[in-house]
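Undergrad: Below is the structure I would like to discuss, written out as structure tokens.
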Amino acid sequence: MVSSLNLIFILSCCLNLSNAFSVRSSFNGNIVKSSTPSYTPPRHSHSNGLQMKIFDWKLRENDHRIEGVETFTVTNLFPAPGSRHRKKRKGRGIAAGQGASCGFGMRGQKSRSGRSVRPGFEGGQTPLYRRIPKYVGRPMGPGHTKKEFNLISLNALNSVSEGSTVSFDSLFEQGAVTKTKHRWHKVIGNGELGVKSLTVQAHAFTNTAKEAIEKNGGKCQLLSPTTNKVLDMAEMSTA
């Protein structure tokens, strides 16, 4: 014999089961019985925990640009996938993450426009370039400039005739050398000299160039760095 409590429980389960397979019509609101239950896709659970999806465009072996490429040259080089990023467009709204203050904060010296501090400034303490010792003969500062020469090789002297006087201006008129921004000129021993009895005028000579010119019967004349006139070597030696 089935007790009354068990009978009530069985009837309630049957009633709930019948309501589960019924849907309400969208036309008149009547209950329409469904013959088949609705399908719910199963949920897949990963046993190894959280995983990150790696897209195909992030893998170099899946890049279509390397198909048929055997040797990489300058013409077919390209950056690795994901290594190049687009330029950040600051000040284009707060949704982009770099709007409003553009990532520089609300207030402060570094949030103002322009350069915040000059190079070498350390907040008021003695900067590094003033703390370190200085070597004699090597001035450090914006007013110090090193002496740079325009180099003239021995090959440029082969275009002149024998026994002539050669300077940078004469070589430039003949097209043997190109124009330069430097004030002083220096002859270097790059190449071989085939012209004899030359008088070469320059602001400096290397030992190799001087030996090559004097070996072919020529002579070297130093020019003044300020007036560009020929210096008297005898007066310089006595002085």
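Take the sequence shown: its letters are residues 49 to 287, numbered as in this note's numbering. Here a beta-carbon is modelled for each residue, glycine too, at the ideal position from N, C-alpha and C.
1) Let me know the secondary structure DSSP gives LEU125 once reduced to three states.
2) Look at the Cβ atom of VAL278, then the Cβ atom of LEU246, and state whether they are nearer than 8 angstroms.
3) Check the C-beta distance from GLN173 over to VAL214 and give it rounded, since I have them as a contact under 8 angstroms.
4) In the DSSP output, which residue or residues are listed as bridge partners for ASN198?
5) Tell me the rounded alpha-carbon separation between THR121 and ILE114.
6) Going along the chain, which residues of its own chain have a beta-carbon closer than 8 angstroms to the beta-carbon of LYS234, five neighbours each way excluded?
7) If you reduce the DSSP assignment to three classes, tell me which class LEU176 lands in.
8) Return helix, strand or coil for SER272, following the three-state DSSP convention.
9) Reducing DSSP to helix, strand and coil, say where SER267 ends up.
10) Does the beta-carbon of GLY266 have 16 or more other beta-carbons within 10 angstroms, so that it is buried, or is it exposed?
11) Over what stretch of residues does the alpha helix (DSSP H) that includes GLN222 continue unbroken?
12) How long is the line joining the alpha carbons of ALA257 and GLY242, rounded to whole angstroms?
13) In the structure shown, what three-state DSSP assignment does ALA250 receive?
14) Less than 8 angstroms between C-beta atoms, sequence neighbours within five positions excluded: which residues of the same chain meet that for GLY168?
15) Check the DSSP bridge columns for THR213 and list the partner residues they point to.
TA: This is what the structure gives:
1) Your numbering for residue 125 matches position 77 in the sequence shown. Looking at LEU125 - three-state DSSP - the assignment turns out to be coil, as it is neither helix nor strand.
2) Taking the sequence shown and counting its residues from 1, the one referred to as residue 278 is at position 230. Taking the sequence shown and counting its residues from 1, the one referred to as residue 246 is at position 198. Going by C-beta atoms, VAL278 is not nearer than 8 angstroms to LEU246.
3) Within the sequence shown, residue 173 is the residue found at index 125, counting from 1. Within the sequence shown, residue 214 is the residue found at index 166, counting from 1. That pair is no contact at about 57 angstroms.
4) Position 150 of the sequence shown, counting from 1, holds the residue named residue 198. The partner list for ASN198 (beta bridge, DSSP) reads HIS233.
5) Numbered from its first residue, the sequence shown carries residue 121 at position 73. Numbered from its first residue, the sequence shown carries residue 114 at position 66. Each residue's Cα considered, the two are about 12 angstroms apart.
6) Here residue 234 refers to the residue found at position 186 when the sequence shown is read from its first residue. Excluding residues within five positions, the ones whose Cβ falls inside 8 angstroms are PHE197, ASN198, LEU199, ILE200, ALA250, HIS251, ALA252, PHE253, THR254.
7) By 1-based counting over the sequence shown, the position of residue 176 is 128. Helix at LEU176.
8) The residue you call residue 272 lines up with position 224 of the sequence shown. Coil.
9) Looking up residue 267 in the sequence shown gives position 219. The question names Ser, but residue 267 in the sequence shown is Lys. It is a strand residue.
10) Against the sequence shown, residue 266 aligns to sequence position 218. Classification for GLY266: buried.
11) Numbered from its first residue, the sequence shown carries residue 222 at position 174. Looking at the DSSP string, the run of the alpha helix (DSSP H) that includes GLN222 is 216-222.
12) Indexing the sequence shown from 1 puts residue 257 at position 209. Indexing the sequence shown from 1 puts residue 242 at position 194. Roughly 12 angstroms between the two C-alpha positions.
13) The sequence position of residue 250 within the sequence shown is 202, counting from 1. Residue state, collapsed to three classes: strand.
14) One-based indexing of the sequence shown puts residue 168 at position 120. Excluding residues within five positions, the ones whose Cβ falls inside 8 angstroms are PRO175, LEU176, TYR177.
15) The count along the sequence shown starts at 1 and reaches residue 213 at position 165. DSSP output for THR213 lists THR247 as bridge partner(s).
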